[in-house]
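Oh and the sequence shown: position 60 is 203 in the working numbering, straight run, nothing missing.
Down below is the structure, laid out as C-alpha cells.
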Amino acid sequence: MKNVTSTIVMRVGFGKRYEDGHKRREILRLIDELQSMITNFFVEDLWPGLPFAGLIDKLTGKIDRLEKCFQDLDSFYQELIDERLNAQNAKSCKEDQDILDILIQLKKEQLLNSTEFTNNHIKAMLTDVLVAGTDASAATVVWAMTALIKNPKVMKKVQEEVRNVVGKKKCGINEDELPKLIYLKAIVKEIMRLYPPAPLLVPRVTKKDAILQGYKIKEKTLVYVNALAIGRDPESWENPEEFLPERFLGSDIDFRGNDFELIPFGAGRRICPGIPLGVVMVELLLANLVYLFDWELPVGMKKEDIDYEAKPGVTMHKKNELCLLAHVYS
Ligand code: HEM
C-alpha cells in the first residue's frame with residue numbers, strides 16, 4: 144500500500160514519478176529507516192545528563208546509522224532541488240506549482256521575514272510531507288480492508304453503493320465521484336475513530352505551569368494526546384469498540400479538528416496540514432479496491448483468523464500482513 148501512497152505523494156509534492164522500481168524501493172526503504180530511527184531508543188535522549196551517554200549511542204552504532212540515514216535523505220532531496228532549479232531555468236511558465244516549487248520560491252524570495260529560509264528548511268519540509276503523507280494514508284487503507292473483510296455485510300453494502308453510483312462500464316473511480324459515496328465516507332470516519340494512524344498525535348510541550356483536573360503540570364512537560372482513547376471513549380460513543388459505520392450516517396461529527404471526540408488528524412495549530420490530500424487518497428484507494436475487486440480470504444482461513452494487532456511505532460500499522468485474494472469484478 145505504501146507503494147501507491149508514496150507514488151501519489153511524490154507526484155503531488157514533487158512532480159516526480161519513479162518508473163524505476165529500484166529507485167522507488169530505495170525511497171520506501173529510506174522512509175522506513177527514518178521512522179525506525181525516530182522511534183529508536185537513544186541513551187542520550189532519555190538521560191541527557193548521564194556521563195558517556197552519547198558515547199554509548201556511538202558505540203552501539205546508532206549515531207552512525209542515524210547519520211547515514213540523513214546523508215542518504217539529504218542527497219535524495221538535493222537531487223530533487225537541483226533538478227527542479229534546472230527545469231525552472233529552462234521554462235518560464237510557472238503554472239501548476241507543486242509543494243517543491245513553492246518551497247523553492249520561498250527560499251528565492253525570502254518571503255518568511257522572521258528567519259532565513261534555507262535548503263535545510265526545504266529538506267525538512269519535504270521529509271514531513273513524504274513521511275506523513277505516505278504512511279498514515281497507507282495504514283488507514285489497510286485497517287479499512289481488515290475491517291471490511293471481517294464484516295462481510297459492510298463490505299457488501301459499500302460495494303453495492305460504489306457499483307451503483309459508478310455504474311458498470313468504468314475502469315476505475317475518480318475524485319469527482321467521491322461526494323456521492325456517503326457510506327464509504329462513513330466507513331473511513333469509523334476506521335479513523337477506531338484505528339487513528341497516529342494514535343498519540345505529535346508530542347507537545349507545555350509552555351507554562353498548568354493545573355488539569357487537579358494535577359499540577361510543570362512548564363516544558365512532554366504531553367501526549369491519546370486520539371485512540373478519545374475515539375473509543377464510552378462517554379462520547381455508544382458501543383465504542385464496535386465497527387459500526389452507520390453511526391456516522393446523518394451525523395454532523397467530522398474529523399477535521401472541530402469535534403474533539405474524533406481527532407485522527409489532531410486539532411488546533413498543529414493539526415495535520417495534509418487533511419484534504421489524506422482524505423482523498425484514502426477514499427479514492429478504498430473506493431477503487433472495493434469497486435474493481437471482490438475480496439476473499441485465502442483458502443483455509445476464517446475471518447476470525449484476521450486480527451487487529453498493531454505494530455509499535457509513531458504510525459499505527461497492522462502487525463500481521465493482511466493477505467487477501469482479489470477477483471476482478473466484471
Ligand atoms: C490518512 C491520512 C493522514 C492522517 C490520519 C494524518 C494524521 C496526522 C496527525 C494526527 C498529525 C499530528 C497533528 C497533531 O498533533 O495535532 C499530522 C501531522 C502532519 N501531517 Fe498528517 N495525516 C495524514 C495525511 C497527511 C498527508 C497526505 C500529508 C502531506 C502530504 C500530511 C502532512 C502532515 C504534516 C507535515 C504534519 C506535521 C504538522 C506539524 O507538526 O506542524 N499528512 N498528521
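Backbone N, C-alpha and C define an ideal beta-carbon position, used for all residues, glycine too.
Query	Result
Proximity winner among V274, D225, K251 and E252, relative to R172 (alpha-carbon distances)	V274
Selection from W438, W286, G374 and E333 that minimises the alpha carbon distance to M144	W286
Classification of Q214 by the beta-carbon crowding that lies within 10 angstroms, buried from 16 upward	exposed
Collapsed DSSP secondary structure at K311 in the structure displayed	coil
Sequence-distant residues of the same chain with beta carbon closer than 6 angstroms to A281, five excluded per side	M144, K145 and T148
Beta-ladder partner(s) of E439, from DSSP	L468
Exposed unless 16 or more other CB atoms sit within 10 angstroms - verdict on H470	exposed
N-terminal and C-terminal residue of the beta strand (DSSP E) that I354 is part of	A353 to L355
Heavy atom of the ligand ZN within 6 angstroms of F408 beta-carbon	Only the ligand HEM can be found as ligands here, which leaves the ligand ZN out of the picture.
DSSP-derived helix/strand/coil call for K359	strand
Cutoff 7 angstroms; reference K446; Cβ partners in own chain excluding five residues on either side	I292, K293 and L440
Other residues of its chain near V309: CB distance less than 7 angstroms, five sequence neighbours each side excluded	I316, E320 and Y434
Nearest residue (CA-CA) to P179, options E187, I170, L209 and P194	Note on residue identity: the sequence assigns Ser, not Pro, to residue 179. Here the closest residue by C-alpha is L209.
Residues near T349 by beta carbon distance below 8 angstroms, same chain, minus five either side	I360, K361, E362, K363, T364 and V366
Cβ neighbour criterion (16 or more within 10 Å) applied to G443	exposed
G400 and A410 closer than 7 angstroms at C-beta	yes
V425 versus P339 - alpha carbon distance	13 angstroms
Segment limits, alpha helix (DSSP H) that includes D132	Any answer about residue 132 is impossible in this case: the structure gives the chain only from 144 up to 473.
Nearest to C415 (by Cα), restricted to the options E404, E333 and G276	G276
Candidates R390, G158, A430 and I373: closest to A230 by CA position	G158
Distance between beta carbons of V331 and L429, contact taken as under 8 angstroms	7 angstroms
Length of the line joining the Cα atoms of R306 and Y161	32 angstroms
For K461, the residue or residues it bridges with in DSSP	A453
When I354, L198, P194 and N263 are compared against F219, the one with the closest alpha-carbon	N263
Three-way DSSP call (helix, strand, coil) for R347 in this model	strand
Backbone CA spacing between L344 and V368 [nearest angstrom]	6 angstroms
Any non-hydrogen atom of the ligand HEM closer than 6 angstroms to A279 Cβ	yes
Residue range of the alpha helix (DSSP H) that includes E404	Here E404 belongs to no alpha helix (DSSP H), and DSSP marks it neither H nor E.
Which of helix, strand or coil DSSP assigns to V366	strand
Cα-Cα separation, D207 to E252	36 angstroms
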